[in-house]
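Convert by adding 1 to the 1-based position in the sequence shown; the result is the number in the numbering used here.
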Amino acid sequence: MDPAHLLRQLGGIASRQQLLDGGATEFGIGRARHEGRIVRVRRAWYALPGSDPGTVAAVRVGGMATCVTLLASEGLWVPRIDGVHVSVAANASRLRSARSRIVPRSVDPDGVVLHWRRASGATTAPRDSVVGALAELCECADVEGFIGAADSAVRQRRASLDGLRAAGVPTALIGLIDPSSESGGESAVRLRLRRLRIPYRSQVSIVGVGRVDFLIGQRLVIEVDGYEFHSDREAFESDRERDRRLAALGYIVIRVTYRQLQDAWHEVERSLLAIVRSGRHLA
């Protein structure tokens, strides 16, 4: 069996033993490597060229991709947390740099966040499960960051509440998960509205406009821009057209930008509370 073909079947990265168990031979592995069709990541581990860099780095270190590294590679929303996050066994040794399989991690530790598993013994998997990665994220992210990622995973049916509970995610956090949120920004705003004890409805359909992110009372609409700045002029214009239609229907619109979520939420909060206390959000 061709090692490159086997690697494609195994997700792009696998151990030598997995390749041998799948029908490859030592000679075939060596030839495929010599031809550049597969690359050696670490002793007895191989990958296809162009494989997910986070997973390759995690295996090179000596563990498996987890936390934000795994979740981002699965296309899920993740908070901005630096580093390659690697799950390693409790008794792991001979850890390597994320950049070179021949350089010890002690010499080049930068950019690697280790997640120590309770169990001993090397893993045979290059990647954690989505549920496992979310459980690890509890240790790295604040509440908003974790809930944003969990909302994304549950919404895309990559995780379930029961699965997260079984993985040890605290019940208090599970109770905050709401898969109706379509972005990490929406998750953050939802949690902040809860803390302010402002009643809201999410993903409300308004005739002539479509769905809005949040509706407070009958008239106050909150729209949350993505966590990235608008780079698409067409999307920017579409948002402004929605705002115009909402205003024409008598709605008050607050659009929360990425900068405001990160650095100026107090300004948004002040405006929200002023509108709610004055009763202008009511019909």
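Quick reminder that beta carbons are idealized off the backbone N, C-alpha and C, glycines included.
As summarised for the region 136-187, the continuous alpha helix (DSSP H) elements at least 4 residues long and confined to that stretch are 144-156, 162-167, 172-175, given in chain order. Annotated three-state conformation of Asp214 is strand, per DSSP.
In summary, His35 is exposed, with fewer than 16 beta-carbon neighbours lying within 10 Å of its beta-carbon over all protein chains present. Per DSSP, Ser88 is one residue of the beta strand (DSSP E) stretching across 85-89. Tyr47 has Ala15, Arg41 as its beta-bridge partners, per DSSP.
The shortest CA-to-CA distance from Arg256 to any of Asp214, Pro180, Gly280, Gln263 is the one to Asp214. Note on geometry: alpha-carbon atoms of Arg17 and Ala45 lie some 5 Å from one another.
CA-to-CA, the gap between Glu187 and Gly149 works out to about 8 Å. For Arg256, the enclosing beta strand (DSSP E) stretches over residues 253-257. Val190 is the residue among Ser203, Arg128, Val190, Arg198 whose C-alpha sits nearest the C-alpha of Gln261. When the beta-carbon positions are compared, Thr67 and His116 come within less than 9 Å of each other. Between Tyr47 and Ala99, the CB-CB gap reaches or exceeds 9 Å. Residue range 202-207 is occupied by the beta strand (DSSP E) that includes Ser206.
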